[in-house]
């Protein structure tokens, strides 16, 4: 499962670096729909972790 997640992230990062932002946005929306009501909490947790990593 972790390998599949890493492949998904790498694939989307590649799309963005190649300028295919629309596919990235569509994939992001699909994940948000899949997560349902948990999505806002997950985004908040991720945001806080990124801030902590940056030392804020």
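In the numbering used here, the protein residues as written are 40 to 95. Just so you know, even glycine gets a beta-carbon here, dropped at the ideal spot from N, CA and C.
| Asked | Found |
| --- | --- |
| Rounded straight-line distance, which links the Cα of residue 72 to that of residue 58 | 24 Å |
| Per-residue DSSP class, three states only, for residue 57 | coil |
| Any non-hydrogen atom of the ligand ATP closer than 7 Å to residue 80 Cβ | With respect to small molecules bound, the structure shown includes none, and the ligand ATP cannot be examined in it. |
| Whole-number beta carbon distance between residue 70 and residue 63, since they are thought to touch under 8 Å | Not really, about 11 Å apart at Cβ, beyond 8 Å. |
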